[in-house]
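Residue numbers (the numbering used here), protein chains in the order written: chain A, 3 to 528; chain B, 3 to 528.
In structure tokens:
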């Protein structure tokens, strides 16, 4: 590990601002000194990215797919050094590091398949007709990369949402060069993954501008990147304040560009009383696990439970609170995250008429006390601050007197990544209004399962109405994430020789295309 | 014609601000008095739209498709009154009115087909697997409407881009209620079309909030609509200043919403000398028609020609200028559009070293003189004002000394709806850099045809990088326009009974779905 940035696949360290990462378990800084990128290094990375963007369309899809798969091979070569670094920079376990690395592998391989197959380009052909009056033009459309992309890594997912995470890989898959603004809390993990990407790029013959990894502890590097005229899109995972600031910055440009910010969520869970009567133990186990897993540091963490007042509810909550508060506390990612947690928790706790349950006894260094607040629906409705996410081991329980109050509580919710209903099919008609309202608020509607655990597959949607994300039409997980970084282009009246291969008459690779409005694998004149 | 707005499918006129439309051929106001909608009427329209949005998912796709087709039947019933009104409010010919009505019909029918078929929802299923460790969740994704949509009509397309134009119809097709901010220059045409939509909505049993048409001469109604928390997207066709103002307004909201503004373009045409040597007459005819058609009031009007200096070029330009300047002048849409044209033209003409060719002789009332400016590449490059669109009968010709100058001139271009190359396949390698650069700037790349004439079909892309539009990933024309108003939602672990029909195991309607990543028409367990 060098502490250097990578600019166009080459080490670079021209700056003088230095920083270190932090081991929350050992409560001390890690040894490597990182060097923040300079304004000149940022400019060079962007210029090289633009150069690479013009070259990428001439490189075969097979070669581009190989690049993605080679990245994971190179990551495996780094081996234990990478896992150790992940653990030392996050305080998370090595099991978690391995699980997240597996997820990164799955992402790389599924995007490699996508690139090889090429149907993600949505080829669409309307053949010309010179007999028609007026003559019908020949139109052939497909998706192409939008341009150089900037990715901001997530503090809580150094592998799956950072350097070689979903944003970077989906942008590569779309034919976009990527500049990663490395997350300062895991700059070492970032550098080791970046080195793997560089090795893969060089081995598979990619243009060197396809990738840069820039170190930064301050905000300047990120701002300069987002404002650079050659940058065409931004991927971000983090807080609402951070995501919104980038979104506003990007929209202040002469040419505004899309910012795909995934900003978390309180992930409401509605638990209906009939359910609890039957499955109390099962639901409380499932939910307690989901609430405490990863020290609550997941964007799909269930931060809000909505229940109807009943004897079953009281019993259920007692069990749940006991299970959650007796789960062993563990260090959070960083002292700065602890500070944010404590201040957001304090704000919620200071709302009048709140009942507070907090973990007792000794806790490890850099851990916080798991907290469950309980409040009635009227207080919830009249205190908007209670709808804000408290990132960490924190859950708010809202008790509703009746269905009306439950409906009102769901109605005031903002946009969410997920919304969960625990109930029975038999009673679903009775609660139809809850389904309808929640449907309009969320990206993923869950029935009798917990929101944590985001499956990487083509049917996943990890997104949702604002403030869950800045654009509800896109997912950050799964192969459809490629759509964020692609735009359509039409070739009108182009001779075969000048068309990209997948738009030519023959359809040599036998992929599905839309011809005159119908999906088919046939040739244009077949 | 009443001069009233429609609020939730019912006439309403509670305001006191009055206005009239204008007949540019007769040079006088049309008789009907229109009443601007009040803030209360705006609120009522939005509340009703939100109500309708919750009801629409319960209405069958067949019924929704019938609604779209019934709109056109109702428009035909209005008959000549509508065509006369179109002509009296635009100064355009009745032939143009009929042609545009045909295009509106085509849009309505193609979106009706889309709604019936339902594949636009992109159903995607990843079946669950309880054997896997950890258990694989059952995930079923499809697109749903984004919420109530506001549409601003275009001055230059009272039918195809206004009240029942592509924005409105694609939003309806996605299951979104629409509130049209009627264009004040053709408020009468707007009302007659709105009445047809209302009649169709009532006849086919749509919820009344599905449609409102609000009259306004000022900016207040539009602003209130864009800022209303229940509005979830905006469609606009018009000027860069208007589109950008709406975009900035929408992004200033607590919850930002997408604005799909199609803001026009200079539509560069690169004419290579080898082409001219052979087809001088043909190209000059085609281009002269394209430049003068519709008094230049098309967003695909070729406003910029780029040529290499040569004898052929000189001969070609002489022919072209003669043809364009001898085309009969006709009235523009409105005196306010004439004022903008004259001031933008004046700004371009005042750049030093510009050669000006202007139509001579008598011209009709409210017409302007067709203008062709010629300039060399160095002057073009150093005067950014020459890249701005002059909406109307105006074209700028840039003469480049050599390929380098041509490359530079293409490189400085902003985002465009279209880019055209007139050349030969044989010489395309020689001009490869022109193809590559233009590719990155445009939504539609045309070879040896003119940019005017936007075919309504599934392979059309009417969009492009900023400032052609505010989002290069979307089209305003063709069935893919529906994607602007739809977002994905996933149902996780939902029992069959609670799933929308197209996500159930059986696939009763035999549509193509993506199952475990593969496109198929089979049942989930088939």
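Yeah, the Cβ is synthetic: ideal placement off N, Cα and C, and Gly gets one too.
Touch test, the region 74-81 of chain B against the region 36-53 of chain B, Cβ-Cβ under 8 Å, three pairs minimum = no
For residue 211 of chain B, count neighbouring C-beta atoms within 10 Å of its own C-beta (all shown protein chains included) and say buried if the count is 16 or more, exposed if not.
-> buried
Taking Cβ positions only, does residue 460 of chain A come closer than 8 Å to chain B?
-> yes
Under 8 Å between the Cβ atoms of residue 462 of chain B and residue 505 of chain A?
-> Taking a C-beta distance under 8 Å as the contact criterion, residue 462 of chain B and residue 505 of chain A do not qualify as a contact pair.
So what's residue 233 of chain B in DSSP terms, helix, strand or just coil?
-> In this structure, residue 233 of chain B counts as coil in the three-state DSSP scheme.
Do the region 256-273 of chain A and the region 383-397 of chain A meet, that is, are 3 or more Cβ pairs less than 8 Å apart?
-> Contact between the region 256-273 of chain A and the region 383-397 of chain A is present, because at least three Cβ pairs lie under 8 Å.
Entirely within the region 358-442 of chain B and at least 4 residues each: give me those alpha helix (DSSP H) ranges in chain order.
-> 379-384, 405-413 and 434-441
C-alpha gap between residue 24 of chain B and residue 336 of chain B, whole angstroms = 7 Å
Start-end ranges of the alpha helix (DSSP H) lying completely within the region 41-75 of chain B, minimum 4 residues = 41-57
Which residues in chain B sit within 7 Å of residue 438 of chain A, going by Cβ to Cβ distance?
-> 56
Please state whether DSSP places residue 274 of chain B in a helix, a strand or coil.
-> coil
Does any CB atom of chain B fall closer than 8 Å to the CB of residue 267 of chain A?
-> no
Host beta strand (DSSP E) of residue 143 of chain A (start-end) | Here the beta strand (DSSP E) through residue 143 of chain A covers 141-147.
Look up residue 219 of chain B in the DSSP assignment and say whether it is helix, strand or coil.
-> coil
Do residue 41 of chain A and residue 10 of chain A have their C-beta atoms within less than 8 Å of each other?
-> Against a cut-off of 8 Å, the Cβ pair of residue 10 of chain A and residue 41 of chain A comes out as no contact.
Name the chain A residues whose beta carbon is nearer than 8 Å to that of residue 128 of chain B?
-> Neighbours of residue 128 of chain B on chain A, chain order: 457, 459, 460, 461 and 462.
Within the chosen definition, does the region 465-476 of chain B reach the region 490-498 of chain B through at least 3 CB pairs nearer than 8 Å?
-> no
Specify whether the region 410-426 of chain A and the region 449-457 of chain A touch according to this definition: at least 3 beta carbon pairs, one from each stretch, less than 8 Å apart.
-> yes
Taking contact to mean at least 3 C-beta pairs separated by less than 8 Å, is the region 120-139 of chain A in contact with the region 157-170 of chain A?
-> no
Would DSSP call residue 445 of chain B helix, strand or coil?
-> strand
Rounded to a whole number of angstroms, what is the C-alpha to C-alpha distance between residue 205 of chain A and residue 112 of chain A?
-> 20 Å
Residues of chain B with a CB under 8 Å from the CB of residue 249 of chain A: which are they?
-> 253 and 258
Sort out for me which residues DSSP pairs residue 121 of chain B with in a bridge.
-> Paired residues: none, contrary to the question.
Beta-carbon neighbours of residue 496 of chain A, restricted to chain B and to distances below 7 Å = Here the neighbours are 449.
Looking at the structure shown, is residue 8 of chain B part of a helix, part of a strand, or coil, going by DSSP?
-> strand
Can you name, in chain order, every residue of its own chain whose Cβ lies under 6 Å from the Cβ of residue 173 of chain B, other than the five neighbours on each side?
-> 151, 180 and 487
Is the distance from the Cβ of residue 492 of chain A to the Cβ of residue 425 of chain B below 8 Å?
-> Taking 8 Å as the Cβ cut-off, residue 492 of chain A and residue 425 of chain B do not qualify as a contacting pair.
Determine the contact status of residue 145 of chain B and residue 481 of chain B, defining contact as a CB-CB distance below 8 Å.
-> For the pair residue 145 of chain B and residue 481 of chain B, the CB atoms are not nearer than the 8 Å cut-off.
Between residue 228 of chain A and residue 242 of chain A, what straight-line distance do the alpha-carbon atoms span, to the nearest angstrom?
-> 17 Å
Grab me the residues of residue 311 of chain B's own chain with a C-beta within less than 6 Å of its C-beta, minus the 5 sequence neighbours each way, in chain order.
-> The residues 401 and 403, in chain order, have a CB closer than 6 Å to that of residue 311 of chain B in the same chain once the five nearest residues on each side in sequence are set aside.
Can you find a CB in chain B that lies within less than 8 Å of the CB of residue 490 of chain A?
-> Chain B contact via Cβ: present.
Alpha carbon to alpha carbon, what distance is there between residue 235 of chain B and residue 398 of chain B?
-> 35 Å
Compare the beta carbon distance of residue 383 of chain A and residue 414 of chain A with 8 Å and say whether it is the shorter of the two.
-> yes
Any beta-carbon of chain A closer than 8 Å to the one on residue 472 of chain B?
-> Chain A contact via Cβ: present.
Residues bridged to residue 239 of chain B by DSSP?
-> B:264
Residue 86 of chain B lies in the alpha helix (DSSP H); which residues open and close that run?
-> 82-92
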